[in-house]
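Numbering (this note's numbering), first residue to last: 43 to 258.
So this is what it looks like as structure tokens:
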């Protein structure tokens, strides 16, 4: 079929050998490992692999679903309208710089017409997301949307029912919330959805010891 075998990341597992000094190096090696990935059919139409970006020593990692049109064009995560909303959450709400956190997706290539990633596509890419998290070893993970939560937490995850609840991934606290793109698509519920996301973000801020200002 012209596809590569299922991925087994070669990057060393974190532990005594992964230090703050070489996390960037380990992420760079992982990026290089998938630089010409053909492990699923998403490679056929992509312009860029969208690996992820941010601080290799981040205390907080945001995990989305996959790149959209804008992200595919430039090779960076969350740069379109939904990305601007996420940036506002980080900068205006949390009062952090975007460069202080790490932002990535479950799948690294854009699904055609922005459809949901399919099961085989997620299975091909999820080992690399997990390896990113293991290298960074953040204090918390914020999962954006149903697809990412189902991929990283459990297949039957219901975003409307279970967002705002703490989960765990390999001992790291995980807070799922609505995807910014969902808010963008539902303008009639924008205030309600933003309020819900802000409540979830405040839980993360409490965990990280960040000051909360409700007029953000």
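The beta-carbon is built from N, C-alpha and C at its ideal position, and this holds for glycine as well.
Leaving out the 5 sequence neighbours to the left and right, which residues in its chain are closer than 8 Å to residue i when beta-carbon positions are compared?
| i | result |
| --- | --- |
| residue 177 | 53, 56, 60, 65, 68, 69, 72, 98 |
| residue 182 | 101, 102, 103, 214, 215, 216, 217, 246, 249, 250 |
| residue 110 | 122, 124, 152, 156, 223 |
| residue 195 | 185, 209, 211, 216, 218 |
| residue 235 | 220, 224, 225, 228 |
Let me know the secondary structure DSSP gives residue i once reduced to three states.
| i | result |
| --- | --- |
| residue 182 | strand |
| residue 109 | coil |
| residue 145 | strand |
| residue 219 | strand |
| residue 95 | strand |
| residue 69 | helix |
| residue 210 | strand |
| residue 102 | strand |
| residue 129 | helix |
| residue 154 | helix |
| residue 190 | helix |
| residue 62 | coil |
Grab me the residues of residue i's own chain with a C-beta within less than 6 Å of its C-beta, minus the 5 sequence neighbours each way, in chain order.
| i | result |
| --- | --- |
| residue 159 | 108, 149, 153 |
| residue 127 | 222 |
| residue 166 | 81, 82 |
| residue 171 | 148 |
As a quick exercise: from the options, pick the residue whose alpha carbon is nearest that of residue i.
| i | options | result |
| --- | --- | --- |
| residue 147 | 87, 121, 225, 139 | 121 |
| residue 255 | 182, 131, 103 | 131 |
| residue 247 | 89, 191, 136, 84 | 136 |
| residue 162 | 245, 193, 95, 226 | 193 |
| residue 197 | 164, 171, 184, 228 | 164 |
| residue 8 | 76, 94, 75 | Nothing can be reported for residue 8: it is not among the residues displayed for the chain, which extend from 43 to 258. |
| residue 201 | 238, 230, 232 | 238 |
| residue 144 | 129, 138, 118, 96 | 96 |
Is it buried or exposed, residue i, if we count other Cβ atoms within 10 angstroms and call 16 or more buried?
| i | result |
| --- | --- |
| residue 213 | exposed |
| residue 92 | buried |
| residue 116 | exposed |
| residue 180 | buried |
| residue 113 | buried |
| residue 87 | exposed |
| residue 78 | exposed |
| residue 187 | buried |
| residue 62 | exposed |
| residue 230 | exposed |
I'd like the list of long-range same chain contacts for residue i, defined as Cβ closer than 7 Å, with 5 residues on each side in sequence excluded.
| i | result |
| --- | --- |
| residue 189 | 107, 148, 158, 159 |
| residue 242 | 205, 206, 217, 219 |
When the Cβ atoms of the stretch 216 to 225 are set against those of the stretch 196 to 205, are three or more pairs found closer than 8 Å?
yes
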